[in-house]
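Notes for the one structure printed next.
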Amino acid sequence: KQEVTQIPAALSVPEGENLVLNCSFTDSAIYNLQWFRQDPGKGLTSLLLIQSSQREQTSGRLNASLDKSSGRSTLYIAASQPGDSATYLCAVESGGGADGLTFGKGTHLIIQP
Amino acid sequence: DAGVIQSPRHEVTEMGQEVTLRCKPISGHDYLFWYRQTMMRGLELLIYFNNNVPIDDSGMPEDRFSAKMPNASFSTLKIQPSEPRDSAVYFCASARTRSGNTIYFGEGSWLTVV
């Protein structure tokens, strides 16, 4: 059974810093990996989707990498801003896409002004 | 499009009562998902539909939970009878395809069973 772990569970950094959020998964036979953002009291918003054949995806100040063989992904946030404060969740899709998304419990990020 | 719409946003009910959560997916999306989020277990898939047909309900915790999708624009998740351990945030999400594409989440229904 696929398990997804995110470290750290919480992170607080000053505005302007570059930071890295980590995600690891136990079964490397994934179909794709997604990073989501969740604001308090809100649903999830998809940030980046990396297909299993890809190594990274970029959107603005966000860059997500995927290393299937080691079962890891990172989300890099450049020049962090207070508006980046949220919980970031990693999710993997396994079983050729048939098993659905397995989510990590997220990293709660606070950017201090 | 207004996105995925869920109701109610918040519900507090007494143990033993029936709870019905509602969802309107994004028009044109063939897949609808129900998730539950708790601090202990994180986000878990309960059930998903394709073209209004339930495909996989293996995540439904027990017989007290049921879900329906009578048409392409409406789905319900029902808990009867409710128990305190059902307290969680229930999310509905929709997508054009089963996987590999952006999945859109509603803002959730926050359920408290006392």
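Same order as they appear, the protein sequences are chains Z and R.
Everything in the first sequence is counted per the working numbering, starting at 895 for the first residue and increasing by one.
Everything in the second sequence is counted per the working numbering, starting at 36 for the first residue and increasing by one.
Don't be surprised by glycine CBs; every beta carbon is placed ideally from N, CA and C.
This one's a predicted model, so the numbers in the text were calculated from it and none came from an experiment.
Which residues of chain Z have a Cβ atom closer than 9 Å to the Cβ of residue i, listed in chain order?
{"i": "Gly51(R)", "result": "In chain order: nothing, as chain Z lies at least about 27 Å away."}
{"i": "Tyr83(R)", "result": "Gly994"}
If you run the structure through DSSP and keep just helix, strand and coil, what is residue i?
{"i": "Arg120(R)", "result": "helix"}
{"i": "Pro105(R)", "result": "strand"}
{"i": "Gly77(R)", "result": "strand"}
{"i": "Pro1007(Z)", "result": "coil"}
{"i": "Pro89(R)", "result": "strand"}
{"i": "Pro908(Z)", "result": "strand"}
{"i": "Ala903(Z)", "result": "coil"}
{"i": "Thr968(Z)", "result": "strand"}
{"i": "Thr137(R)", "result": "coil"}
{"i": "Gln41(R)", "result": "strand"}
{"i": "Val149(R)", "result": "coil"}
Note down, in chain order, every chain R residue with its Cβ under 9 Å from the Cβ of residue i.
{"i": "Leu915(Z)", "result": "Chain R residues near Leu915(Z): none, gap ~15 Å exceeds 9 Å."}
{"i": "Glu897(Z)", "result": "Neighbours of Glu897(Z) on chain R: none; closest Cβ ~11 Å, over 9 Å."}
Which residues in chain Z have a C-beta closer than 7 Å to the C-beta of residue i? List them in chain order.
{"i": "Glu142(R)", "result": "Lys936, Gly937"}
How many whole angstroms separate the CB atoms of residue i and residue j, which I take to be in contact at a CB cut-off of 8 Å?
{"i": "Gly141(R)", "j": "Gln72(R)", "result": "Actually they are not in contact, since the Cβ atoms of Gly141(R) and Gln72(R) sit about 12 Å apart, beyond 8 Å."}
{"i": "Ala985(Z)", "j": "Val898(Z)", "result": "7 Å"}
{"i": "Ser117(R)", "j": "Gly51(R)", "result": "7 Å"}
{"i": "Ile61(R)", "j": "Tyr125(R)", "result": "Contact doesn't hold; Cβ gap of about 18 Å is too wide."}
Just the chain R side, please: which residues come within less than 7 Å of residue i by C-beta, in chain order?
{"i": "Ser940(Z)", "result": "Thr137, Ile138"}
{"i": "Phe997(Z)", "result": "Gly77, Leu78"}
With a cut-off of 8 Å, does the C-beta of residue i fall near any C-beta of chain B?
{"i": "Thr73(R)", "result": "This model lacks chain B altogether, as its protein chains are Z and R."}
> For the region 122–136 of chain R, which residues have a beta carbon sitting closer than 7 Å to at least one beta carbon of chain Z?
Replying inline: For the region 122–136 of chain R, which is checked against every Cβ of chain Z, the residues closer than 7 Å are Phe126, Arg133, Ser134, Gly135.
> Which ranges would you report for the beta strand (DSSP E) in the region 919–966 of chain Z if only whole runs of at least 3 residues count?
Replying inline: 924–932, 938–945, 950–953, 956–961
> Using a Cβ cut-off of 9 Å, which residues of the region 77–108 of chain R contact any Cβ in chain Z, in chain order?
Replying inline: Per Cβ criterion, the list reads Gly77, Leu78, Glu79, Leu80, Tyr83, Asp91, Gly94.
>> Give me the subset of the region 959–990 of chain Z whose CB atoms are less than 9 Å from a CB atom of chain R, sorted by chain position.
In response: Leu983, Ala985, Glu987, Gly990
> Where are the alpha helix (DSSP H) runs, 4 residues long or more, that stay fully inside the region 45–75 of chain R, in chain order?
Replying inline: Counting only runs of 4 or more, we get nothing.
>> Runs of 3 residues minimum, wholly inside the region 971–996 of chain Z: which ones carry the beta strand (DSSP E) assignment?
In response: 980–988
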